[in-house]
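Only one structure is covered here, and it is reproduced in the block below.
Residue numbers (the working numbering): 178 to 346.
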């Protein structure tokens, strides 16, 4: 008898193959130099490569990527800037180039991602639900970290391409 062991990463990739759009409310808590800031907003992902991270509380901060360009709108200024890592890839289950440690937890799995290359962070921990969707992400960088919670996830809903245009100040 042959047993095939399928990793959680493989199951996430399989789940994501059937998803064309992903929309969720986010709460992002940033711990930076001893200061804690809580942001609220939304994330939008549309295949093949559209990504929008929109924080609107307590201040506006938007990151948009359309596959060719990435823009950041912050404090009324639009900047073009490459991102040190692509959160869109992590949410879609693309963990190529990372060492992944899988741990079963009460309500799903915990994936710890590390890289020997400089990736702009020390490690990322992704908490995955039993349905293979992201529940929470923690990004560690030395003594600082960001924790992101996802709720009201909507899959395969209509998302206009206009959300992924260069933002206006």
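Cβ coordinates follow ideal geometry from the N, Cα and C atoms, glycine included. Just so we're clear, the structure is a prediction, and the values are computed from it rather than from any experiment.
7 Å Cβ cutoff met for residue i and residue j
{"i": "residue 344", "j": "residue 255", "result": "yes"}
{"i": "residue 314", "j": "residue 325", "result": "yes"}
{"i": "residue 274", "j": "residue 307", "result": "no"}
{"i": "residue 207", "j": "residue 323", "result": "yes"}
{"i": "residue 340", "j": "residue 252", "result": "no"}
{"i": "residue 223", "j": "residue 198", "result": "yes"}
{"i": "residue 244", "j": "residue 226", "result": "yes"}
{"i": "residue 190", "j": "residue 309", "result": "no"}
{"i": "residue 196", "j": "residue 288", "result": "no"}
{"i": "residue 317", "j": "residue 186", "result": "no"}
For residue i, the three-state DSSP class (helix, strand or coil)
{"i": "residue 365", "result": "The chain is shown from 178 up to 346; residue 365 falls before or after that span and cannot be answered."}
{"i": "residue 324", "result": "strand"}
{"i": "residue 332", "result": "strand"}
{"i": "residue 227", "result": "strand"}
{"i": "residue 339", "result": "helix"}
{"i": "residue 188", "result": "helix"}
{"i": "residue 246", "result": "coil"}
{"i": "residue 309", "result": "coil"}
{"i": "residue 319", "result": "coil"}
{"i": "residue 285", "result": "strand"}
{"i": "residue 276", "result": "strand"}
{"i": "residue 218", "result": "strand"}
{"i": "residue 253", "result": "coil"}
One or two residues paired with residue i in a DSSP bridge
{"i": "residue 197", "result": "Residue 197 is not bridged to any residue."}
Counted within 10 angstroms of its Cβ, other Cβ atoms place residue i as buried (16 or more) or exposed
{"i": "residue 216", "result": "buried"}
{"i": "residue 200", "result": "buried"}
{"i": "residue 205", "result": "buried"}
{"i": "residue 209", "result": "exposed"}
{"i": "residue 290", "result": "buried"}
{"i": "residue 184", "result": "exposed"}
{"i": "residue 328", "result": "exposed"}
{"i": "residue 334", "result": "exposed"}
Residue i: CB within 6 Å of a non-hydrogen atom of the ligand ATP
{"i": "residue 318", "result": "Because no ligand of any kind appears in the structure shown, any question about the ligand ATP cannot be addressed here."}
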